[in-house]
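Its first residue numbered 8, the sequence shown is counted upward by one per residue in my numbering.
Glycine included, C-beta positions come from ideal geometry on N, C-alpha and C.
Treat the numbers as computed from the prediction; the structure is a model and nothing was measured.
This report refers to the structure that appears directly beneath it.
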Amino acid sequence: MSANRSVGSGWRHCTSARSAFGVCRDARSEGNHAPMNEDTSDATVAHALPMHAFVADSGMAPITVELQYDPADPYAVAAVFHGDDDPVRWLLGRDLLHDGTRVAVGHGDVHVWPSVGPGGSWVVVVELISPDGRVMVQAERDDVDAFLEASARLVPYGAESAYCDVDTLIADLLTSSPGDPTTRRGR
């Protein structure tokens with residue numbers, strides 16, 4: 008089984024194009040707070056990172072994972088796994104990924120921690136768990152840091168709430184059904 012297939016179809020419920028919160032506005036400016044009507048629909052960050060997946064049968068297998076950040080969903084980072092099948096998309100917290108570059112963090116279905124890679128360089132390990140299985144991937148910490156720094160240029164850490172419409176968020180949460188697959192995200 009390839010590293011991509013080990014991700015499993017159970018994770019496909021996370022592939023919705025809907026944002027993690029479904030209601031954050033697409034707004035930013037040079038400062039920490041943006042007018043909510045500013046159009047920045049083209050301002051996103053996407054880095055395709057070479058990673059290695061831990062595979063039970065063969066050790067490590069190369070995989071390309073695209074990390075995506077969109078100010079319309081300022082608290083989330085999308086990790087898109089590309090392989091033989093359709094891309095698989097997981098959402099995880101930007102703060103979780105950031106903190107995991109320096110200390111072990113996470114609970115539930117997402118864990119992130121720093122480690123030393125085979126060549127002696129620092130790597131970041133991300134473990135994702137679903138009912139269908141789990142996958143662990145590692146990337147060079149410098150690559151993850153570069154992605155996070157680019158995301159912070161769009162939305163500074165601590166300023167995320169200025170980019171969300173809380174009233175719409177609450178309304179969306181109150182109207183979504185418990186079985187709605189678009190509400191499941193990595194924690």
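Could you give the distance in angstroms between the alpha-carbon of Gly127 and the alpha-carbon of Asp172?
In a straight line, the C-alpha of Gly127 is about 44 Å away from that of Asp172.
Inspect the beta-carbon positions of Ser122 and Val130 and report whether they are closer than 7 Å.
Contact: yes.
Does the segment 132 to 142 come within contact of the segment 75 to 85, defined as at least 3 CB pairs closer than 8 Å?
With a cut-off of 8 Å, the segment 75 to 85 and the segment 132 to 142 do not count as touching, because too few Cβ pairs lie within range.
Beta-carbon proximity list for Arg148, same chain, < 7 Å, skipping 5 on both sides
Counting only Cβ-Cβ distances below 7 Å, and skipping sequence neighbours, we find Thr108, Pro121, Trp129, Val130, Val131.
Out of Val52, Ser65, Asp91, Leu56, point me to the one whose CA is closest to Thr71's CA.
Among Val52, Ser65, Asp91, Leu56, the Cα nearest to that of Thr71 is on Leu56.
Please return the same chain residues whose Cβ sits closer than 6 Å to the Cβ of Ala51, not counting the five positions on each side in sequence.
The question names Ala, yet the displayed sequence has Thr at residue 51. Apart from the 5 residues on each side of it in sequence, Thr51 sits with its Cβ closer than 6 Å to the Cβ of Asp77 in its chain, given in chain order.
Can you tell me which of the three DSSP states Val119 falls into?
In this structure, DSSP gives Val119 an extended state, which the three-state scheme calls strand.
What's the gap between the Cα of Ala157 and the Cα of Leu104?
Near 14 Å, if we compare the C-alpha coordinates of Leu104 and Ala157.
Out of Ser168, Met143, Ile177, state which residue places its alpha-carbon closest to the alpha-carbon of Pro69.
Ranking the options by Cα distance to Pro69, first place goes to Met143.
Looking at the unbroken alpha helix (DSSP H) that takes in Arg101, where does it start and where does it end?
Segment 101 to 107, the alpha helix (DSSP H) holding Arg101.
By the DSSP assignment, the alpha helix (DSSP H) with Ser137 in it spans what residues?
The continuous stretches of alpha helix (DSSP H) do not include Ser137, which lies in the beta strand (DSSP E) extending over residues 129 to 137.
What are the boundary residues of the alpha helix (DSSP H) that includes Thr175?
For Thr175, the enclosing alpha helix (DSSP H) has its first and last residue at 173 to 182.
His114 versus Gly100: straight-line alpha-carbon distance, rounded
Distance between the alpha carbons of His114 and Gly100: 12 Å.
Let me check one thing: in DSSP terms, what residues is Pro57 bridge-paired to?
Pro57 is bridged to Thr71.
Do Val110 and Val119 count as a contact pair if the criterion is CB distance below 7 Å?
Contact annotation: Val119 and Val110 have beta-carbon atoms that are not nearer than 7 Å.
Tell me whether Val151 sits in a helix, a strand or coil according to DSSP, three-state version.
Note: Val151 maps to helix in three-state DSSP.
Excluding the 5 residues flanking Val200 on each side, which residues of the same chain have their C-beta closer than 6 Å to its C-beta?
As shown, the chain starts at 8 and ends at 194. That puts residue 200 outside it, with no answer to give.
Answer with buried or exposed for Tyr164, where buried requires no fewer than 16 other C-beta atoms within 10 angstroms of its C-beta.
By the Cβ-count criterion, Tyr164 is exposed, with fewer than 16 other Cβ atoms from all chains shown falling within 10 Å of its own Cβ.
DSSP three-state call for Asn39: helix, strand or coil?
Low confidence applies to Asn39: its pLDDT is 34, below 50, so where it sits in the model is not reliable, and the reading given next is rough at best. DSSP, read as helix, strand or coil, puts Asn39 in coil.
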